[in-house]
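Going by the UniProt record's numbering, the letters in the sequence shown line up with residues 1 to 289, in that order.
Beta carbons: idealized from backbone N, C-alpha and C, even for Gly.
First the structure, in the form of C-alpha cells, and then the observations on it.
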Amino acid sequence: MVFEDAKCTNLDIKWSNIIPGHTIVDRKVHPATDDIMILRKYTLFSEFIVRHVRRRRSIRYAWYLRSSHMFSYVLDAAVQLGVFDILTKAGPYVKLSSNQIASDIRAKNPDAPSLLDRMLRLLACYGLVTCVSRKLDAGGGNGEAGERVYGVSLAGKAFVNDEHNGSLAAFTSNKADIEVWLRFKDLVLEGGNLFEKVHGMPAYQYKSLNPEYAKIFNTAMTNLSKIIMKKILERYNGFQGVTTLVDVGGGYGVTLNMIISKYPSIKGINYELLWCLVFNVVAVMELHK
C-alpha cells in the first residue's frame, strides 16, 4: 500500500531484510523517475518499522522490570518446596518432569504439575535450571505432545541446601522485610530508620522478640559465612601466629569455628548478644559437637 503511487509492481520486498541502517532491500531496475520516489518511500517505511520495533522492545523491557519482583517470589517458592534439592538428588545426568517433581513433594493439588512447570520455565529463563523437551509415548506430560524436563544448573546449585559449604537457599523473603521495602518511598521523603518506623523498634530488638525471624536471619548469615570463609581460608594465611581471636557479633560462631579448625592453636572468643543464641541453642550445640 505504501508503494502504490510509485509503480512498484515489480519491486521484490523481503520483510526479513528490513533492519536498522538499511534503506534498500532487493529491488529491480526501475525508470530513474520512479527510483527516487521508491527509495524515499522505502526509507520512510523502514524507519517507521525500526521505531515501531524499538518501541515494542522498550515496552517489553519496562514490563520485565516492573514485574521482576515476581521472580523473587517464584524463586522463594522453589527453594521452600525443595525443587533444587530434588533435581540435584536425581543425579547430574538425570532430568525430571514437573509431574515427577510434584510426586516427590507429595502435592495434593491436581494442578501442581502445571504450576511447577510454569515456575521451572521461569527459572530456566534466568539460567537456574536447564530445560529440554522430550516426546511422550501417549498422554501425560504438561498437556502437550511432549513434555519438558529439567535439571539443576551450576547457578541453581547455589540454592541447594548444603550444611558443610553453605547455601543461598537460606536467603528467602520474609514478611517483616517485605513490609519495610513497601514503604521505601517514606524513607526518601522523610529519612530516618525505616525498619523502626514500620515495626516500631530497631531491627535487632525486633529479632529478640521474634524467634522465627531471628532464626531466618541467623541461618542466612551462617550460610553466608560458610561460603565466604571457605574461600578466604583457601588463600589467606594471615591467621598464622595469632594466639587469640575475638569475633564481635559472631552469631553462631561459624566463622570462628572454621578458622580455629584450620588453626587449632588459636584461642577463639565468640562475642555475641545472648538472645541471638538462646533461640537456637540446639543449632549451636550441633555446630560445635
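Continuous beta strand (DSSP E) stretch holding residue i: start and end
i    : result
Y73  : Not the beta strand (DSSP E): Y73 falls in the alpha helix (DSSP H), residues H69 to Q80.
N270 : K267 to Y271
S133 : V129 to K135
Contacts around residue i, its chain only, beta-carbon distance under 6 Å, and the 5 residues preceding and following it disregarded
i    : result
W148 : First, the residue type needs correcting, since residue 148 is Arg and not Trp in the sequence shown. Counting only Cβ-Cβ distances below 6 Å, and skipping sequence neighbours, we find C131 and S133.
A158 : L168
P202 : E196
Residue(s) in a DSSP beta bridge with residue i
i    : result
L245 : G268
S97  : V149
Terminal residues of the alpha helix (DSSP H) in which residue i lies
i    : result
Y204 : A203 to L209
E179 : K175 to W181
P92  : Segment: none, P92 is in no alpha helix (DSSP H) and carries neither H nor E.
P113 : A112 to C125
S261 : V254 to K262
W108 : Reading the sequence as shown, one finds Lys at residue 108 and not Trp. Taken as a continuous stretch (DSSP letters only), K108 belongs to no alpha helix (DSSP H), as it is neither H nor E.
K185 : F184 to E190
K157 : Note, K157: premise wrong, no alpha helix (DSSP H); not H, not E.
H199 : L194 to H199
Exposed unless 16 or more other CB atoms sit within 10 angstroms - verdict on residue i
i           : result
A155        : exposed
G251        : buried
M70         : exposed
T219        : buried
G151        : buried
I178        : exposed
S46         : buried
T88         : buried
residue 297 : Beyond the ends of the chain as shown, which are 1 and 289, falls residue 297; an answer cannot be given.
L65         : exposed
I259        : buried
V180        : buried
L189        : exposed
Neighbourhood of residue i by C-beta, 7 Å cutoff - its chain only, sequence neighbours within 5 removed
i           : result
L209        : none
D85         : V160 and N161
residue 294 : Residue 294 cannot be examined here, being either before or after the span of the chain that is shown, 1 to 289.
L116        : S98, I101 and A102
A90         : L96
Close beta carbons around residue i, own chain, < 8 Å, minus the five adjacent residues each side
i    : result
F217 : K207
Residue i at chain D interface by Cβ criterion, 9 Å
i   : result
H52 : Looking at the structure shown, chain D is missing, and only one protein chain is on hand.
Discussion item. For the structure I just gave you, are there three or more beta carbon pairs, one from the segment 118 to 132 and one from the segment 69 to 81, closer than 8 Å?
Written reply: Three or more pairs of CB atoms, one per stretch, sit closer than 8 Å, so the segment 118 to 132 contacts the segment 69 to 81.
Worksheet item: With a cut-off of 8 Å, do at least 3 Cβ pairs link the segment 173 to 184 to the segment 193 to 210?
Response: Cβ pair count under 8 Å is three or more, so yes.
Worksheet item: Is the segment 97 to 112 touching the segment 44 to 63, taking contact as three or more C-beta pairs under 8 Å?
Response: No, they do not touch.
Worksheet item: On the three-pair Cβ rule with 8 Å, is the segment 164 to 180 touching the segment 215 to 226?
Response: The segment 164 to 180 vs the segment 215 to 226: in contact.
Practice prompt. Check whether the segment 264 to 272 touches the segment 233 to 252, taking contact to mean three or more Cβ pairs, one atom from each stretch, closer than 8 Å.
Written response: Judged by Cβ distances under 8 Å, the segment 264 to 272 makes contact with the segment 233 to 252, as three or more pairs qualify.
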